[in-house]
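In what follows, a single structure is set out as structure tokens and then discussed.
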Amino acid sequence: MSTATEAATEEPHANDSWQAGVVGGILGALAMGALVVAMNEPTITVAIPSLYALAPPPSGAAGLFVHASHGAVLGVAFAAIAGALDLDSPGEQVGAGVAWGVLTWAVLAALVMPLWLDAVGSPASPPFPNFAVPSLLWHAVYGLVLGGVYAATVDRI
Numbered sequence: 016m017s018t019a020t021e022a023a024t025e026e027p028h029a030n031d032s033w034q035a036g037v038v039g040g041i042l043g044a045l046a047m048g049a050l051v052v053a054m055n056e057p058t059i060t061v062a063i064p065s066l067y068a069l070a071p072p073p074s075g076a077a078g079l080f081v082h083a084s085h086g087a088v089l090g091v092a093f094a095a096i097a098g099a100l101d102l103d104s105p106g107e108q109v110g111a112g113v114a115w116g117v118l119t120w121a122v123l124a125a126l127v128m129p130l131w132l133d134a135v136g137s138p139a140s141p142p143f144p145n146f147a148v149p150s151l152l153w154h155a156v157y158g159l160v161l162g163g164v165y166a167a168t169v170d171r172i
């Protein structure tokens, strides 16, 4: 009688990728935040915390916390999309990350954020729509870092 046993191998599940999305989203948001601080500090210190009535007065810590939180949530959404599209290669994942960053710029930064800031009476309310080129760069960097970190960690986390 044979007593062979099969070794159970655990396959990664597509829904486990959310963790890579969180890490990539936070790191992408922090990289983007560093660029924003260098190029237009009031965006981080006033506009972003104003979304939640955390400014004025200006608060870089509140702005970076809110921004990293948004990055994490958007990173989870990215992970769901990358999983649904079955993006397996690092090149596809990084490219999708950049595309996701551009999409978040076009919809959230250019359209939603100006309306939201106006609705809460923020002193940093930009015009509507706000298709600012520096913001496009910032969001593309967010997506690049998100996609790169996601590609590097999705099978490891």
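Quick note on my numbering: the sequence shown kicks off at 16 and runs consecutively.
We put the beta carbon where it would ideally sit given N, CA and C, even for glycine.
Everything numeric in this text was worked out from a predicted model, so none of it was measured.
Counting along the chain, Ile41 sits inside the alpha helix (DSSP H) bounded by residues Trp33 to Pro57. The region 27 to 46 makes contact with the region 151 to 168; the number of CB pairs closer than 8 angstroms reaches 3 or more. Per the coordinates, the alpha-carbon of Asp170 lies some 16 angstroms from the alpha-carbon of Ile96. Exclusion of the five residues before and after Asn145 leaves Ala125 and Pro129 as the residues of its chain whose Cβ lies within less than 6 angstroms of its Cβ.
By the 16-neighbour rule on beta-carbons within 10 angstroms, Leu132 is buried. For Pro149, the uninterrupted alpha helix (DSSP H) run begins and ends at Val148 to Thr168, by DSSP. The alpha-carbon of Gln108 is positioned some 22 angstroms away from that of His82. Take Ala155, set aside five residues on each side of it, and the residues of its chain with a beta-carbon closer than 8 angstroms to its own are Val113, Gly116, Val117 and Trp120, in chain order.
Phe143 carries a coil assignment under DSSP once its states are collapsed to helix, strand and coil.
Under the three-state reduction of DSSP output, Ile172 falls in the coil class, being neither helix nor strand. Here Ala62 is not near Pro142, since their CB atoms are 9 angstroms or more apart.
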